[in-house]
Amino acid sequence: MASFEKRGKKWRAVVSVTGNKGIRKKISKTFDTKKEASAWSIEQENKSNNGYDVFSSKILYSDYYIKWVETYKRPIIRESTYIRYKSWIKNVQNLFAGIRLDQLTNYRIQQLINQYGETHTLKSTQGFLVSVRSSLKDALLDGYIDKDIFSRVRANSHFETHKSENYLSAEEFERLQTFLYENQNQMVQNSKLLMVLIALETGARLGEIFALRTSDIQPNKIIIDESYSASSHEYTAPKTNSSIRSVSISQKLNSAIENYIKNTAKTDLLFKPQYRANVGHTLETILKHAGVHQIRFHGLRHSHVSYLLHKGVDIAYISKRVGHSNTTITLQVYAHLLKEKEQAQDALVLDILSNH
Numbered sequence: 175m176a177s178f179e180k181r182g183k184k185w186r187a188v189v190s191v192t193g194n195k196g197i198r199k200k201i202s203k204t205f206d207t208k209k210e211a212s213a214w215s216i217e218q219e220n221k222s223n224n225g226y227d228v229f230s231s232k233i234l235y236s237d238y239y240i241k242w243v244e245t246y247k248r249p250i251i252r253e254s255t256y257i258r259y260k261s262w263i264k265n266v267q268n269l270f271a272g273i274r275l276d277q278l279t280n281y282r283i284q285q286l287i288n289q290y291g292e293t294h295t296l297k298s299t300q301g302f303l304v305s306v307r308s309s310l311k312d313a314l315l316d317g318y319i320d321k322d323i324f325s326r327v328r329a330n331s332h333f334e335t336h337k338s339e340n341y342l343s344a345e346e347f348e349r350l351q352t353f354l355y356e357n358q359n360q361m362v363q364n365s366k367l368l369m370v371l372i373a374l375e376t377g378a379r380l381g382e383i384f385a386l387r388t389s390d391i392q393p394n395k396i397i398i399d400e401s402y403s404a405s406s407h408e409y410t411a412p413k414t415n416s417s418i419r420s421v422s423i424s425q426k427l428n429s430a431i432e433n434y435i436k437n438t439a440k441t442d443l444l445f446k447p448q449y450r451a452n453v454g455h456t457l458e459t460i461l462k463h464a465g466v467h468q469i470r471f472h473g474l475r476h477s478h479v480s481y482l483l484h485k486g487v488d489i490a491y492i493s494k495r496v497g498h499s500n501t502t503i504t505l506q507v508y509a510h511l512l513k514e515k516e517q518a519q520d521a522l523v524l525d526i527l528s529n530h
């Protein structure tokens, strides 16, 4: 039961509530009228009865987020994923500095997410927001906050990226492909030449190429069932079942790989573990010598999809080939390429109709 005490012209309400450790403590607040004091005391008692912990809600959100990551996430995620969460912890500590759980509102969270989006891509902002939402959902279930202050928060970003340029045109694709085959005899000394060729002709991710084993190379196909994380130095199964796949390859690529295996050290792994940055630097040199514009290594995957789309290959086949779980993901990732193809088709149709 709440108690009320008049102090001059003010009314002080005192309420006994239970914390998450089962310990009852008293909280108080002063109001102008007894009616306001009574309403507040009823609200606090209702919150306590519904599992809300008024004392735990006083902790900093950044402290809660760290505890949440260590308690709910770390036991069930990969080391490489945990590294991402550690970077998000730093983001939370910077963005939410000095803000307690009970001070958070939907509006305030949205402001901070908007701030994050000013310096990060939409994809990065979406990933960060998912983790914030998840932590606050658990905070609600555990009684640290008393209402949903996270569901309406939306990710947005005005950070300019050049993702649409991170792929080669069809002409550049063929130019790079020709350059790589012309320098096939150097692949034994410079394995990165072969890595670039595999990425270009299969759309495989760098981590998947790092994890390739000699047994994965079969007549006119490559089996992809493992990935290597350069950050955690672990070989693990891909995140999704769809990433485990058999990718058809040309006879020329098959011969290049077989020749490389024949003339290199007899190890199970096709390539020695190496830093992504080293691969990136070599790729820069390769692209320069091939006479095509600079892209990142993942851009080779984008180039593979772009080239197949340019050649009229079915989107469902492409989706399966690059390890997407469904065509929706492929359509989302490569929407800009499909839009360009649509515009080219529009021009073609208009040209046809104009000449008849």
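Each residue of the sequence shown is one higher than the one before, counting from 175 in the working numbering.
Note that the Cβ used here is the ideal one computed from N, Cα and C, for glycine as well.
Note that this is a predicted model, so its numbers are computed, not measured.
Discussion item. With a threshold of 6 Å on Cβ separation, who are the neighbours of residue 397 within its own chain once the five nearest residues in sequence on each side are excluded?
Written reply: Taking the first residue of the sequence shown as 1, we reach residue 397 at position 223. Exclusion of the five residues before and after residue 397 leaves 390, 420 as the residues of its chain whose Cβ lies within less than 6 Å of its Cβ.
Worksheet item: Nearest CA to the CA of residue 363: which residue from 434, 242, 493, 465?
Response: Taking the sequence shown and counting its residues from 1, the one referred to as residue 363 is at position 189. The residue with the shortest Cα to Cα distance from residue 363 is 434.
Worksheet item: When DSSP labels each residue in this structure, what does residue 392 get in the three-state scheme?
Response: Within the sequence shown, numbered from 1, the residue matching residue 392 stands at position 218. Residue 392: strand per DSSP, three-state reduction.
Item to complete: Note the first and the last residue of the continuous alpha helix (DSSP H) segment covering residue 362.
Response: Along the sequence shown, one-based indexing puts residue 362 at 188. Per DSSP, residue 362 belongs to no alpha helix (DSSP H) and is neither H nor E.
Discussion item. Short of 7 Å in beta carbon distance, which residues of its chain neighbour residue 263, apart from the five on each side in sequence? Order them along the chain.
Written reply: On the sequence shown, position 89 is the one that residue 263 refers to. Answer for residue 263: 239, 240, 243, listed in chain order.
Fill in: Touching by the beta-carbon criterion (3+ pairs, under 8 Å), the stretch 202-213 and the stretch 177-188
yes
Worksheet item: Straight-line CA distance for residue 341 to residue 448?
Response: As a first step, residue 341 is located in the sequence shown; it is residue number 167 there, counting from the start. As a first step, residue 448 is located in the sequence shown; it is residue number 274 there, counting from the start. So the two alpha carbons sit approximately 23 Å from each other.
Worksheet entry | For residue 423 and residue 456, believed in contact at Cβ under 8 Å, the rounded distance | In the sequence shown, the residue the question calls residue 456 occupies position 282. In the sequence shown, the residue the question calls residue 423 occupies position 249. About 22 Å; that fails the 8 Å criterion.
Fill in: Under 9 Å between C-beta atoms of residue 350 and residue 368
On the sequence shown, position 176 is the one that residue 350 refers to. On the sequence shown, position 194 is the one that residue 368 refers to. Cβ atoms of residue 350 and residue 368: not closer than 9 Å.
Discussion item. Cutting at 7 Å between CB atoms, please list the residues of its own chain near residue 311, excluding the five before and the five after it.
Written reply: Here the question's residue 311 lines up with position 137 in the sequence shown. Within the same chain, residue 311 has close Cβ partners 324.
Discussion item. Just to confirm my understanding: we take residue 386, look at its own chain, exclude 5 residues before and 5 after, and list those with CB closer than 6 Å. What are they?
Written reply: To locate residue 386, count along the sequence shown from 1; it is residue 212. Here the set comprises 444.
Worksheet item: In angstroms, rounded to a whole number, what distance separates the CA positions of residue 381 and residue 327?
Response: Sequence index remark: in the sequence shown, residue 381 carries index 207 (1-based). Sequence index remark: in the sequence shown, residue 327 carries index 153 (1-based). Going by the C-alpha atoms only, they are around 33 Å apart.
Fill in: residue 432 in three-state terms, based on DSSP
In the sequence shown, counting from the first residue as 1, residue 432 sits at position 258. DSSP places residue 432 in helix when its eight states are reduced to three.
Item to complete: Excluding the 5 residues preceding and the 5 following residue 493 in the sequence, name in chain order all residues of the same chain whose CB lies nearer than 6 Å to its CB.
Response: In the sequence shown, residue 493 corresponds to position 319, counting from 1. 501, 504.
Fill in: Limits of the unbroken beta strand (DSSP E) element including residue 403
If you number the sequence shown from 1, residue 403 lands on position 229. Note, residue 403: beta strand (DSSP E), 401-403.
Discussion item. So, for residue 469: in the same chain, excluding its five sequence neighbours on each side, which residues have a beta-carbon less than 6 Å away from its beta-carbon?
Written reply: To locate residue 469, count along the sequence shown from 1; it is residue 295. Contacts found: 340.
Item to complete: With distances taken Cα to Cα, identify the nearest neighbour of residue 301 among 250, 255, 415, 273.
Response: What you label residue 301 is simply residue 127 of the sequence shown in a count that begins at 1. Measuring from the Cα of residue 301, the nearest candidate turns out to be 255.
Worksheet item: residue 409 by DSSP, collapsed to three states: which one?
Response: Numbered from 1 along the sequence shown, position 235 holds the residue referred to as residue 409. Of the three classes helix, strand and coil, the one that applies to residue 409 here is strand, per DSSP.
Discussion item. So residue 171 and residue 331 are supposed to be a Cβ contact under 8 Å. How far apart are they, rounded?
Written reply: Residue 171 lies beyond the stretch modelled for the chain, which goes from 175 to 530, so this question has no answer here.
Worksheet entry | Whole-Å CB distance - residue 414 paired with residue 499, under 8 Å assumed | By one-based count along the sequence shown, residue 414 stands at place 240. By one-based count along the sequence shown, residue 499 stands at place 325. Yes, residue 414 and residue 499 are in contact; Cβ-Cβ is about 6 Å, under 8 Å.
Worksheet item: When you compare only the Cα positions, how much space is there between residue 178 and residue 202?
Response: Residue 178 sits at position 4 when you count from the first residue of the sequence shown. Residue 202 sits at position 28 when you count from the first residue of the sequence shown. Roughly 10 Å separates the two Cα atoms.
Fill in: Distance, residue 315 Cα to residue 402 Cα
Position 228 of the sequence shown holds residue 402. Position 141 of the sequence shown holds residue 315. Rounded to the nearest angstrom, the two C-alpha atoms are 36 Å apart.
Practice prompt. Look at residue 257 and residue 429 and say whether their C-beta atoms are less than 9 Å apart.
Written response: Translated into the one-based positions of the sequence shown, residue 257 becomes position 83. Translated into the one-based positions of the sequence shown, residue 429 becomes position 255. No; because the gap between Cβ atoms is not below 9 Å, this pair is not in contact.
Item to complete: Determine the burial state of residue 475: buried for a count of at least 16 other Cβ atoms within 10 Å of its Cβ, exposed for fewer.
Response: In the sequence shown, counting from the first residue as 1, residue 475 sits at position 301. Looking at its Cβ environment, which holds 16 or more other Cβ atoms inside 10 Å, residue 475 is buried.
Worksheet item: Looking at the structure shown, is residue 270 part of a helix, part of a strand, or coil, going by DSSP?
Response: For this step, residue 270 is matched to residue 96 along the sequence shown. Reduced to three states, the DSSP call for residue 270 is coil.
Item to complete: Indicate the three-state DSSP secondary structure (helix, strand or coil) for residue 338 in the structure shown.
Response: Looking up residue 338 in the sequence shown gives position 164. Because the pLDDT of residue 338 is 46, which lies under 50, any placement of that residue in the model is unreliable, and the number read from its coordinates should be weighed accordingly. Under the three-state reduction of DSSP output, residue 338 falls in the helix class.
Discussion item. Suppose the cutoff is 7 Å on Cβ atoms and the five residues either side in sequence are ignored; what does the same chain contact list for residue 246 look like?
Written reply: Position 72 of the sequence shown, counted from the first residue, corresponds to residue 246. Once the five neighbours on either side are set aside, the close Cβ partners of residue 246 are 312.
Item to complete: May I ask which residues mark the beginning and end of the alpha helix (DSSP H) holding residue 326?
Response: The residue given as residue 326 occupies position 152 in the sequence shown. Per DSSP, residue 326 belongs to no alpha helix (DSSP H) and is neither H nor E.
Discussion item. Am I right that residue 296 and residue 344 are in contact with their C-beta atoms under 8 Å? What's the rounded C-beta distance?
Written reply: The sequence position of residue 296 within the sequence shown is 122, counting from 1. The sequence position of residue 344 within the sequence shown is 170, counting from 1. About 27 Å; that fails the 8 Å criterion.
Worksheet item: Taking DSSP as the reference, what is the three-state secondary structure of residue 583?
Response: For the chain, the structure presents residues 175 to 530; residue 583 sits outside this window and is missing.
Worksheet item: Should residue 216 and residue 276 be called a contact, given that it needs their Cβ atoms to be closer than 9 Å?
Response: For the purposes of this step, residue 216 is taken as residue 42 along the sequence shown, with counting starting at 1. For the purposes of this step, residue 276 is taken as residue 102 along the sequence shown, with counting starting at 1. Not closer than 9 Å, so no.
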